[in-house]
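Using our numbering, the first residue of the sequence shown is number 11, and each one after it goes up by one. Report on the following structure.
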Amino acid sequence: NIIRKYSNHETTSSRLIIAIAREFKGIPYVAKTLENSSEENLIVNLRELDCTTYIESVLAIYECIKNKKMSFEHYCDYLRKIRYIDGTVSYPNRQHYFSEWIDENTKDGFVKEIQAPNPPFTSLQKLSINFMTTHTSLYPMLKQHPEMVDSIARMENRLSGKSYRYIPKSAISNTKLMRSTVHDGDIIAITTSKAGLDTSHIGIAVWHKDGLHMLNASQIHKKVVEEPMLLYQYMKKHPSQTGIRIIRVI
């Protein structure tokens, strides 16, 4: 229904992304919706979303509209390419870390990461990734299939040592520079100081008169919301959140 609604939507990509993202407001936040089987399948669930599946769903619908692919099969095809390395459905190929997601979706031509100008991109994140392999008990598939841990470790090793520029949360403000740097519809990846991880939450940038806000599947609000709090205020409440990486949909 969303694809049909916006099939003739003649506007900028940022406006279209925001319009699609707002269609999901009120959908319940539910974690681990992809972990409901002992075998990896392409899960399509628009009735319950977490922060990652929300972004993936919005992007898959956007790609359908952009490329005039209107069927459910086309949506599934884009979702598979967005979620999995080379579009191959398997647990080790799922892009569990968002840095992997960014790299792969950049390679596939869906997005590009913005890391300039400096300022506001004054900080550098050097990855040291090992959370999944050091917390296997938190991942049902790894508990059931310990033979997959080596594959996840290879993903972690591939990411570790890479560096990315980000905007520190102290620099998130309602300025001309920030408005020209972060665009409506950009994907915001919130960086974290938590050991072994790269990001802790993701959402979609949306500017209001008072500053930068975020559309997101919110664990706090238990649903998809256009966060009423400024992003800066939101991040101040989370000491482990260090800043934002910006990913632009092509």
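We put the CB at the ideal spot given by N, CA and C, even for glycine. Small disclaimer: the values here were computed from a predicted structure and weren't measured.
Contact annotation: the stretch 96–116 touches the stretch 155–171, with at least three C-beta pairs closer than 8 Å. A Cβ-Cβ distance of about 4 Å is found for the pair A227 and Y64, placing them in contact under the 8 Å criterion. For the stretch 149–189, the continuous alpha helix (DSSP H) assignments of 4+ residues that do not extend past its boundaries occur at 150–154 and 159–169, in sequence order. Rounded to the nearest whole angstrom, the C-alpha separation of L225 and I53 is 22 Å. Nearest Cα to D96 within the set K233, E237 and E114: E114. A contact between stretches requires three or more CB pairs, one per stretch, nearer than 8 Å, and the stretch 190–199 meets this requirement with the stretch 237–256. Secondary structure of L241 (DSSP, three-state): helix.
Collapsing the DSSP output to three states places E50 in coil. Beta-bridge annotation (DSSP): G221 is paired with H218. Judged by DSSP in its simplified three-state form, Y39 adopts strand.
Counting other Cβ atoms within 10 Å of its Cβ, E83 stays below 16 and is therefore classed as exposed. Take N55, set aside five residues on each side of it, and the residues of its chain with a beta-carbon closer than 6 Å to its own are T43, in chain order.
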